[in-house]
Amino acid sequence: MKIYSDDGQCFVDMEYALTIEEVAIFHKEITPILLTDKEFVIHCVDLKAIDSAGLQILISLKKYLEKEEKVFEVTAGIKFNEFIDFFKLGEYFKGAIV
């Protein structure tokens with residue numbers, strides 16, 4: 001996972017996995033950025049593995065950013081879309097997936 005922040009925009013490249021191991025790192029690194037940046041793009045095109053912890057942090061992040069009136073977008077790949085479809089979360093992420 002790589003996180004870039006510049007001029008109020010945060011880009012997160014999930015690279016391969018968003019599982020319990022990555023969630024702890026993601027949470028630690030993204031928390032201070034949430035206070036400063038206004039736009040967040042989570043790049044999940046190359047994601048090959050995602051578990052319930054990964055899904056939970058994305059749901060929490062989306063909910064928080066909407067409450068703060070900030071932008072949340074996910075660039076979705078095949079595996080991410082399969083996971084969202086399996087858990088019937090398409091409606092929840094509607095408008096966020098680009």
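Anchor point for the sequence shown: position 43 equals 43 in full-length UniProt numbering, and the numbering is continuous, going up by one each time. No residue lacks a Cβ here, since even glycine has one placed at the ideal position from N, Cα and C. Bear in mind the structure is a predicted one, so any value in this text is a computation, not a measurement.
Requested in this report: Starting from Ala76, follow its DSSP beta bridges and name the residues at the other end.
Outcome: Counting from one through the sequence shown, the residue named residue 76 turns up at place 76. Paired residue(s): Cys44.
Report task. Pull up the CB-CB distance for Phe40 and Leu58, whole angstroms please, since I reckon it's below 8 Å. Result -> The count along the sequence shown starts at 1 and reaches residue 40 at position 40. The count along the sequence shown starts at 1 and reaches residue 58 at position 58. Actually they are not in contact, since the Cβ atoms of Phe40 and Leu58 sit about 11 Å apart, beyond 8 Å.
Query raised in the report: So what does Leu18 bridge to, in DSSP terms?
Result: Within the sequence shown, residue 18 is the residue found at index 18, counting from 1. Per DSSP, Ile50.
Requested in this report: Grab the span of the beta strand (DSSP E) containing residue 129 for me, first residue to last.
Outcome: Residue numbering for the chain in the displayed model covers 1 to 98; residue 129 lies beyond these limits and cannot be assessed.
Query raised in the report: Can you tell me the Cα-Cα spacing of Glu82 and Asp37, whole angstroms?
Result: Taking the first residue of the sequence shown as position 1, residue 82 is located at position 82. Taking the first residue of the sequence shown as position 1, residue 37 is located at position 37. So the alpha carbons of these two residues sit roughly 29 Å apart.
Report task. Consult DSSP for Glu39 and reduce its assignment to one of helix, strand or coil. Result -> As a working mapping, residue 39 is identified with position 39 in the sequence shown. Of the three classes helix, strand and coil, the one that applies to Glu39 here is strand, per DSSP.
Query - Whether Cys10 touches Ile33 by CB criterion (8 Å) - result: For the purposes of this step, residue 10 is identified with residue 10 of the sequence shown, where counting begins at 1. For the purposes of this step, residue 33 is identified with residue 33 of the sequence shown, where counting begins at 1. Yes, these two residues count as a Cβ contact at 8 Å.
Requested in this report: Given a cut-off of 8 Å, decide if Val45 and Ala76 are closer than it, judged by their beta-carbon atoms.
Outcome: In the sequence shown, the residue the question calls residue 76 occupies position 76. In the sequence shown, the residue the question calls residue 45 occupies position 45. Yes, Cβ-Cβ distance for Ala76 and Val45 is below 8 Å.
Query - Sequence-distant residues of the same chain with beta carbon closer than 6 Å to Val98, five excluded per side - result: As a working mapping, residue 98 is identified with position 98 in the sequence shown. Around Val98: Glu73, Thr75.
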